[in-house]
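Enquirer: First the structure, which I've put down as structure tokens, then a few questions once you've had a look.
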Amino acid sequence: EAQVTQNPRYLITVTGKKLTVTCSQNMNHEYMSWYRQDPGLGLRQIYYSMNVEVTDKGDVPEGYKVSRKEKRNFPLILESPSPNQTSLYFCASSSASGGNYEQYFGPGTRLTVT
Amino acid sequence: GENVEQHPSTLSVQEGDSAVIKCTYSDSASNYFPWYKQELGKGPQLIIDIRSNVGEKKDQRIAVTLNKTAKHFSLHITETQPEDSAVYFCAASQYDKVIFGPGTSLSVIP
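Protein chains in written order, with our numbering: chain A, 70 to 183; chain B, 17 to 126.
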């Protein structure tokens with residue numbers, strides 16, 4: 070089944086403790102992206118990747134890192150999480166080399182930073 | 017920076033009535049305008065999209081219109097059904113970045 074998977078689905082952590090949220094797609098998609106969803110703000114793009122080893126900042130990249138060493142994986146790294154990073158996070162992928170095609174979203178990761 | 021506004025933020029309609037959600041965007045270079053539906057506990061899913069060289073697109077009960085001059089685009093749902101209840105997001109994209117609107121929570125009352 071074609072899908073985008075994220076792990077973990079739920080995470081509660083403390084301020085400053087490094088964490089990684091994994092994202093994997095099995096559709097051989099070139100474009101992958103991370104979003105955070107907050108009430109009243111919709112989805113805001115954190116980072117995106119046009120292909121392996123090609124990443125760029127979205128609208129809200131501060132406090133996050135990403136890497137794209139393999140086509141299928143696009144992990145999101147929070148080196149020193151803070152409470153304002155408490156949010157619902159979505160990974161997405163697209164078959165085209167840009168963001169202007171249909172994106173397939175993962176199920177989301179709910180992160181709480183205390 | 018680029019911005020996408022979306023109205024209304026909440027919308028309640030009777031089953032069978034039509035629903036309209038409107039978006040405006042700021043980046044005149046945007047050329048792709050998708051609409052996503054998000055059901056509770058799930059990730060967003062594309063329901064329809066339109067490109068800048070097209071003024072209108074329809075898929076059964078769903079239609080989208082685009083006015084590039086005014087930088088407006090709208091989602092129209094006819095003959096609404098309870099399963100249409102969800103949060104709807106519009107978005108605008110130029111090539112790499114994607115800017116989403118804040119979302120509209122649609123409730124269809126049986």
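Note that beta-carbon positions come from the ideal geometry of N, C-alpha and C, so glycine has one too. Values in this document were obtained by computation on a predicted structure and should not be read as measured data.
Roughly how many whole angstroms lie between the Cα atoms of B/K58 and A/G177?
Expert: The sequence position of residue 58 of chain B within the second sequence is 42, counting from 1. The sequence position of residue 177 of chain A within the first sequence is 108, counting from 1. Put simply, the backbone Cα of B/K58 is about 7 Å away from that of A/G177.
Enquirer: Going by beta-carbon coordinates alone, are A/R137 and A/E148 separated by less than 8 Å?
Expert: Here residue 137 of chain A refers to the residue found at position 68 of the first sequence. Here residue 148 of chain A refers to the residue found at position 79 of the first sequence. The answer is no: Cβ separation not under 8 Å.
Enquirer: Looking at the C-beta of B/S42, does it have a partner C-beta in chain A at a distance below 8 Å?
Expert: Within the second sequence, numbered from 1, the residue matching residue 42 of chain B stands at position 26. Output row for B/S42: interface = no.
Enquirer: Give me whichever residues DSSP pairs with A/A161 in a beta bridge.
Expert: Position 92 of the first sequence, counted from the start, is the residue given in the question as residue 161 of chain A. Bridge partners of A/A161: A/S102, A/F174.
Enquirer: Could you list which residues in chain B have their beta carbon closer than 8 Å to that of A/F159, in chain order?
Expert: Residue 159 of chain A sits at position 90 when you count from the first residue of the first sequence. Against chain B, the beta carbon of A/F159 has neighbours under 8 Å at G59, P60, listed in chain order.
Enquirer: Per DSSP, what kind of secondary structure is A/N142 in: helix, strand or coil?
Expert: As a working note, residue 142 of chain A is residue 73 in the first sequence. Strand at A/N142.
Enquirer: Hey, quick one: how far does the beta strand (DSSP E) through B/S44 stretch, first residue to last?
Expert: Within the second sequence, residue 44 of chain B is the residue found at index 28, counting from 1. Note, B/S44: premise wrong, no beta strand (DSSP E); not H, not E.
Enquirer: Would you call A/T183 buried or exposed, if buried means 16 or more other Cβ atoms sit within 10 Å of its Cβ?
Expert: Your numbering for residue 183 of chain A matches position 114 in the first sequence. Per the 10 Å Cβ criterion, exposed.
Enquirer: CB-CB under 6 Å to B/S42, same chain, minus the five flanking residues each way: which ones, in chain order?
Expert: Along the second sequence, one-based indexing puts residue 42 of chain B at 26. Excluding sequence neighbours, B/S42 sits near E18, N19.
Enquirer: Excluding the 5 residues preceding and the 5 following A/S83 in the sequence, name in chain order all residues of the same chain whose CB lies nearer than 6 Å to its CB.
Expert: Working through the first sequence from its first residue, we reach residue 83 of chain A at position 14. The sequence given here has Val at residue 83 of chain A, not Ser. T183.
Enquirer: Out of B/Q61, B/N47, B/F116, B/I93, point me to the one whose CA is closest to B/G71's CA.
Expert: Here the question's residue 71 of chain B lines up with position 55 in the second sequence. Out of B/Q61, B/N47, B/F116, B/I93, B/N47 has the C-alpha closest to the C-alpha of B/G71.
Enquirer: Using alpha carbons as the reference points, say which of A/T124, A/Y170, A/I81, A/Q172 lies closest to A/Q154.
Expert: Locating residue 154 of chain A in the first sequence gives position 85, where the first residue counts as 1. Among A/T124, A/Y170, A/I81, A/Q172, the Cα nearest to that of A/Q154 is on A/I81.
Enquirer: By DSSP, does A/N153 sit in helix, in strand, or in coil?
Expert: Within the first sequence, residue 153 of chain A is the residue found at index 84, counting from 1. DSSP places A/N153 in helix when its eight states are reduced to three.
Enquirer: CB A/S156 to CB A/R105, shorter than 8 Å?
Expert: Taking the first residue of the first sequence as 1, we reach residue 156 of chain A at position 87. Taking the first residue of the first sequence as 1, we reach residue 105 of chain A at position 36. Going by C-beta atoms, A/S156 is nearer than 8 Å to A/R105.
Enquirer: Mind checking B/I125: buried by the 16 CB within 10 Å criterion, or exposed?
Expert: Stepping through the second sequence from its first residue, residue 125 of chain B is reached at position 109. B/I125 comes out exposed.
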